[in-house]
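Q:
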Amino acid sequence: MSNFIYFWNHFAFILLMVGGLFIIITSQNYLKKVVGLAIFQTAVFVFFVSLAKVLDGTAPILTKMENAYSNPLPHVLILTAIVVGVATSALGLALVLQIYRNYETIEEKEIQSLELKSDK
Amino acid sequence: MFNIFLDDAAALVVVLPLLISAIIAFMPSKIWPWIISLVTLVLHLVLSLHLLKEISISGLIIYEFGNWEPPWGISFKIDGVNIGLQLLFSIFVLISTFYSRKIFLSEIDSRDSGKAYSLWLLAIGSLNGIILTNDIFNLFVFLEISALASISLIALGAGQNRKALLAAFNYLIIGAIGATFYVIGVGFAYAMTGTLNMNDLVIQLAQYSDGQLAIFAGMSFMLIGLMVKAAIFPVHIWLPPAYSYAPSAVSTLLAALATKTILYFFVRLLYEVFIIYPSYLSLFLDFVLYPLSLLAIFIGTLIAIYQDDIKKLLAFSSIAQIGYITLAFSLKDHSGITSGFIHIFNHALIKGGLFMAVGYFAILYKDRVTLSSLRGFGYKYPITSFALLICGLSLIGLPLTNGFISKLYLFQALYTNQMYFSIALVAVSSALAVAYFWKIVEQMWFSEIKFKSEKEDAYIYLPIWIITVSIIFFGIYSSPIIEFSNLSADYLISGYQN
Numbered sequence: 001m002s003n004f005i006y007f008w009n010h011f012a013f014i015l016l017m018v019g020g021l022f023i024i025i026t027s028q029n030y031l032k033k034v035v036g037l038a039i040f041q042t043a044v045f046v047f048f049v050s051l052a053k054v055l056d057g058t059a060p061i062l063t064k065m066e067n068a069y070s071n072p073l074p075h076v077l078i079l080t081a082i083v084v085g086v087a088t089s090a091l092g093l094a095l096v097l098q099i100y101r102n103y104e105t106i107e108e109k110e111i112q113s114l115e116l117k118s119d120k
Numbered sequence: 121m122f123n124i125f126l127d128d129a130a131a132l133v134v135v136l137p138l139l140i141s142a143i144i145a146f147m148p149s150k151i152w153p154w155i156i157s158l159v160t161l162v163l164h165l166v167l168s169l170h171l172l173k174e175i176s177i178s179g180l181i182i183y184e185f186g187n188w189e190p191p192w193g194i195s196f197k198i199d200g201v202n203i204g205l206q207l208l209f210s211i212f213v214l215i216s217t218f219y220s221r222k223i224f225l226s227e228i229d230s231r232d233s234g235k236a237y238s239l240w241l242l243a244i245g246s247l248n249g250i251i252l253t254n255d256i257f258n259l260f261v262f263l264e265i266s267a268l269a270s271i272s273l274i275a276l277g278a279g280q281n282r283k284a285l286l287a288a289f290n291y292l293i294i295g296a297i298g299a300t301f302y303v304i305g306v307g308f309a310y311a312m313t314g315t316l317n318m319n320d321l322v323i324q325l326a327q328y329s330d331g332q333l334a335i336f337a338g339m340s341f342m343l344i345g346l347m348v349k350a351a352i353f354p355v356h357i358w359l360p361p362a363y364s365y366a367p368s369a370v371s372t373l374l375a376a377l378a379t380k381t382i383l384y385f386f387v388r389l390l391y392e393v394f395i396i397y398p399s400y401l402s403l404f405l406d407f408v409l410y411p412l413s414l415l416a417i418f419i420g421t422l423i424a425i426y427q428d429d430i431k432k433l434l435a436f437s438s439i440a441q442i443g444y445i446t447l448a449f450s451l452k453d454h455s456g457i458t459s460g461f462i463h464i465f466n467h468a469l470i471k472g473g474l475f476m477a478v479g480y481f482a483i484l485y486k487d488r489v490t491l492s493s494l495r496g497f498g499y500k501y502p503i504t505s506f507a508l509l510i511c512g513l514s515l516i517g518l519p520l521t522n523g524f525i526s527k528l529y530l531f532q533a534l535y536t537n538q539m540y541f542s543i544a545l546v547a548v549s550s551a552l553a554v555a556y557f558w559k560i561v562e563q564m565w566f567s568e569i570k571f572k573s574e575k576e577d578a579y580i581y582l583p584i585w586i587i588t589v590s591i592i593f594f595g596i597y598s599s600p601i602i603e604f605s606n607l608s609a610d611y612l613i614s615g616y617q618n
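Just so you know, the sequences run in chain order A and B.
According to my numbering, the stretch in the first sequence is residues 1 to 120, in order.
According to my numbering, the stretch in the second sequence is residues 121 to 618, in order.
1) Flag this pair as yes or no: are the beta carbons of Tyr219/B and Ile580/B separated by less than 8 Å?
2) Below 8 Å, how does it come out for the segment 3 to 21 of chain A and the segment 90 to 101 of chain A: are there three or more Cβ pairs, yes or no?
3) Note down, in chain order, every chain B residue with its Cβ under 8 Å from the Cβ of Glu110/A.
4) Are the segment 305 to 312 of chain B and the segment 228 to 241 of chain B touching by the rule of at least three beta carbon pairs closer than 8 Å?
5) List, in order along the chain, the chain A residues whose C-beta lies closer than 9 Å to that of Lys452/B?
6) Are there 16 or more other CB atoms within 10 angstroms of the CB of Phe557/B, so buried, or fewer, so exposed?
7) State the start and end residues of the unbroken beta strand (DSSP E) segment that holds Asp232/B.
8) Within the 8 Å Cβ cut-off, does Gln98/A reach chain B?
9) What residue from Ser149/B, Leu167/B and Trp152/B has the CA that sits closest to Val135/B's CA?
10) Under a CB-based cut-off of 8 Å, is Ala482/B close to chain A?
11) Tell whether a beta-carbon distance below 8 Å holds between Phe385/B and Ile250/B.
12) Excluding the five sequence neighbours on either side, which residues of its own chain have a C-beta within less than 6 Å of the C-beta of Ile425/B, listed in chain order?
13) If you count every other CB in all the chains shown that lies within 10 Å of the CB of Lys197/B, and 16 or more means buried, which is it?
14) Considering only C-alpha positions, which residue in the set Tyr363/B, Met312/B and Ala544/B is nearest to Tyr328/B?
15) By how many angstroms is the C-alpha of Phe11/A removed from the C-alpha of Phe4/A?
16) So that I know if they touch, is there some Cβ in chain A lying closer than 8 Å to that of Tyr616/B?
17) How about Gly92/A: is its C-beta nearer than 8 Å to some C-beta of chain B?
18) What does the Cβ neighbour count give for Tyr410/B, buried or exposed, with the cut at 16 atoms within 10 Å?
19) Do the CB positions of Ser266/B and Gly472/B come within less than 8 Å of each other?
20) Quick check on DSSP: helix, strand or coil for Gln532/B?
21) Return the residues of the segment 39 to 50 of chain A that lie within a Cβ-Cβ distance of less than 7 Å from chain B, sorted by chain order.
22) Relative to the C-alpha of Ala309/B, which residue among Asn281/B, Ser450/B, Gln427/B and Leu343/B is closest?
23) Express the C-alpha separation of Ser364/B and Ser226/B in angstroms, rounding to a whole number.
24) If I measure Cβ to Cβ from Tyr480/B and keep anything under 6 Å in the same chain, skipping five residues before and after, which residues do I get?
25) Which one of Ala337/B, Leu491/B, Gly338/B and Asn248/B has the shortest CA to CA distance from Leu373/B?
26) Can you give me, in chain order, the residues of the segment 267 to 284 of chain B that have a beta carbon less than 9 Å from any beta carbon in chain A?
27) Checking contacts by CB at 8 Å: is Ala311/B closer than that to chain A?
28) Could you give the C-beta distance for Asn9/A and Ile106/A, rounded to a whole number, given that I count them as a contact under 8 Å?
29) With three or more C-beta pairs closer than 8 Å as the rule, is the segment 518 to 525 of chain B touching the segment 391 to 410 of chain B?
30) In this structure, does DSSP put Tyr616/B in helix, strand or coil?
31) By the three-class DSSP mapping on this structure, what secondary structure does Thr490/B have?
32) So, at 8 Å on beta carbons, what are the nonlocal neighbours of Leu171/B in its own chain, with the 5 sequence-adjacent residues on each side left out?
33) In chain order, what residues of the same chain lie with their CB nearer than 6 Å to the CB of Val355/B, ignoring the 5 residues before and after it?
34) Flag this pair as yes or no: are the beta carbons of Phe461/B and Ser605/B separated by less than 8 Å?
35) I'd like to confirm the pairing. Which residues does DSSP put opposite Asp320/B in its beta bridges?
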């Protein structure tokens, strides 16, 4: 039980991550898939940032008092990963828009039945 | 003056294509983006040759960005493992860029030429970053840049067939899940060791020599993420549609190099870092990678036999060929790693040549190339068809082609490990490869209709024949490829013993 409280950030991250994956896998709508992907990636960002937290830690700024400070590196890494995530979402949404212009629907099942018709 | 550039050659091979990519993005001209890309890639080749010269003197280059020392800063590492791949990469991207112009002109809107070459250089720069980087988080960034650039390039195929959009979208979703899995693994590794540098990671991981569950979880996340990106069998589903609906020039670049660079990093992670947990490594190799490789070889070949669309056929045969490479890497010894690297080199040439030839047929036929549409092409376009024939024979593994050398070394490696069952399976699947390739040959040369030969475009068949000649050349005089692969295996195995 104490482990659960100590590592609660890991459980929160897993919950969010599995939720995102569930949306990606189960939803038929391409827009929802992109949203699910964004949630899935955000879960990992939360995980990274929570790893860096030091109890009673402050921002890593040099002062006269000696303070414990949180590790700044994961924040920097996640700043990069957020940029990558934004680019991925943007490209995904652009593709969804193009799919809508070409098929006039973004539902996976309808597109599959359209493709089956065009193959015949 | 020029020496300033040569000092930073390791960084410039990545930075130069990325920089030029930004410059040509909004160029309205139809031809200048292509010329600028070609000049850039010639410089890229010069820099790679310079790196080869440096490596032959010193044996190891560590390039520290901003002069931050390794455990803190990001560094690039060039040594015996990746110099051969770097050289192959540099030469192949130059040839395929030369080839790409006429194909792009007929497959995409010529006003988009600047944007297409901008994405093209972006993909090249970031794939090269995957080869050189020595930092596990930096790898993630390059993985995603290359994935986003290739997805946009694949989506350019929508002008030909709207299914390209669906293929690109699926690649985006599956690829992003794979990359995110990799980052979760990096998070676990960082939490346990506090480092991202690969050399430092080995040192820091050694303190948990008895094994820690968190580290094994992290390693598994990283490996699964990379397996998705490298299209290893059960997680390969994004690859066949992506390669077959992309514009032909893009298929050439991706099929030859994209998965190869990731496979290279995969094997580097396995044998340079994870080797300090021999029990975990052999568990992964024997019970995950080895059976999956055999399945990939068999199922990839079987599905390829039933394909009517030629680009899809080649994409499924790529799945099987990636299976051969991972089978060789799962053997855990020098001969296995050598034969894996040999097949990375040879398969890049073979698949590149095949996709180039089929891409040319696609723009001549002005539709998707299916088996029936190839009827009589052997007489109609003899120059390209003959190149396709040689590349195909090499794919099967006939003597005097480089495909034979690959198969020979793979059989030797399997034989020294006494894996007679795998030898039988590889032999059977090579025979099955004859089945799908023979269908193409039959349509091209043995149909009743006879055509008169038509004029072919020298700009297109010249690069195809450069690849074809190199396939025969390396089939007869194979020592350059074997020496580079031996060197790679030596470096990886020496890390094993430390």
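Just so it is clear, CB atoms sit at the ideal spot from N, CA and C, and this is done for glycine as well.
A: Put simply:
1) Taking the second sequence and counting its residues from 1, one reaches residue 219/B at position 99. Taking the second sequence and counting its residues from 1, one reaches residue 580/B at position 460. Closer than 8 Å, so yes.
2) no
3) The residue given as residue 110/A occupies position 110 in the first sequence. The premise fails here: Glu110/A is roughly 12 Å from chain B at the closest Cβ pair, so nothing lies under 8 Å.
4) no
5) The sequence position of residue 452/B within the second sequence is 332, counting from 1. Neighbours of Lys452/B on chain A: none; closest Cβ ~32 Å, over 9 Å.
6) Locating residue 557/B in the second sequence gives position 437, where the first residue counts as 1. Burial call: buried.
7) Position 112 of the second sequence, counted from the first residue, corresponds to residue 232/B. Per DSSP, Asp232/B belongs to no beta strand (DSSP E) and is neither H nor E.
8) Here residue 98/A is taken as the residue at index 98 of the first sequence, counted from 1. So, interface residue.
9) For this step, residue 135/B is matched to residue 15 along the second sequence. Val135/B has its Cα closest to that of Leu167/B, out of Ser149/B, Leu167/B and Trp152/B.
10) As a first step, residue 482/B is located in the second sequence; it is residue number 362 there, counting from the start. No, its Cβ sits nowhere closer than 8 Å to a Cβ of chain A.
11) As a first step, residue 385/B must be located in the second sequence, where it is residue number 265. As a first step, residue 250/B must be located in the second sequence, where it is residue number 130. Contact: yes.
12) Sequence index remark: in the second sequence, residue 425/B carries index 305 (1-based). Around Ile425/B: Ala555 and Tyr556.
13) Walking along the second sequence from the start, residue 197/B turns up at place 77. Label assigned to Lys197/B: buried.
14) Locating residue 328/B in the second sequence gives position 208, counting from the first residue. When each option's Cα is compared against that of Tyr328/B, the closest is Met312/B.
15) Position 4 of the first sequence, counting from 1, holds the residue named residue 4/A. Position 11 of the first sequence, counting from 1, holds the residue named residue 11/A. One C-alpha to the other measures close to 8 Å.
16) Here residue 616/B refers to the residue found at position 496 when the second sequence is read from its first residue. Caution applies to Tyr616/B, whose pLDDT of 49 falls short of 50 and renders its modelled position unreliable; the model cannot decide the point.
17) Here residue 92/A corresponds to residue number 92 of the first sequence, with the count starting at 1. So yes, Gly92/A belongs to the interface.
18) The residue you call residue 410/B lines up with position 290 of the second sequence. Buried, by the Cβ-count rule.
19) Position 146 of the second sequence holds residue 266/B. Position 352 of the second sequence holds residue 472/B. For Ser266/B and Gly472/B, no; Cβs fall outside 8 Å.
20) Your numbering for residue 532/B matches position 412 in the second sequence. Correct three-state label for Gln532/B: helix.
21) Phe40, Gln41, Val44, Phe47 and Phe48
22) Counting from one through the second sequence, the residue named residue 309/B turns up at place 189. Per the Cα distances, Leu343/B.
23) Taking the first residue of the second sequence as position 1, residue 226/B is located at position 106. Taking the first residue of the second sequence as position 1, residue 364/B is located at position 244. The straight-line gap from Cα to Cα measures roughly 17 Å.
24) Start at 1 with the first residue of the second sequence, and residue 480/B comes out as number 360. Contacts found: Thr504 and Ile580.
25) Start at 1 with the first residue of the second sequence, and residue 373/B comes out as number 253. That would be Asn248/B, whose Cα lies nearest to the Cα of Leu373/B.
26) Ala267, Leu268, Ile271, Ser272, Ala275, Ala278, Arg282 and Lys283
27) To locate residue 311/B, count along the second sequence from 1; it is residue 191. Yes, because at least one Cβ of chain A sits closer than 8 Å to the Cβ of Ala311/B.
28) If you number the first sequence from 1, residue 9/A lands on position 9. If you number the first sequence from 1, residue 106/A lands on position 106. Actually they are not in contact, since the Cβ atoms of Asn9/A and Ile106/A sit about 35 Å apart, beyond 8 Å.
29) no
30) Residue 616/B sits at position 496 when you count from the first residue of the second sequence. The predicted position of Tyr616/B is uncertain, since its pLDDT is 49 and thus under 50; a value taken from the coordinates is nonetheless stated next. Tyr616/B: helix per DSSP, three-state reduction.
31) The sequence position of residue 490/B within the second sequence is 370, counting from 1. Strand.
32) Looking up residue 171/B in the second sequence gives position 51. Same-chain partners within the cutoff: Ala129, Ala130, Val133, Ile181, Ile198, Ile203 and Gln206.
33) Residue mapping note: residue 355/B aligns to position 235 of the second sequence, counting from 1. Once the five neighbours on either side are set aside, the close Cβ partners of Val355/B are Met347 and Val348.
34) Taking the second sequence and counting its residues from 1, one reaches residue 461/B at position 341. Taking the second sequence and counting its residues from 1, one reaches residue 605/B at position 485. Against a cut-off of 8 Å, the Cβ pair of Ser605/B and Phe461/B comes out as a contact.
35) Here residue 320/B refers to the residue found at position 200 of the second sequence. In the DSSP output, where bridge partners are listed per residue, Asp320/B has none listed.
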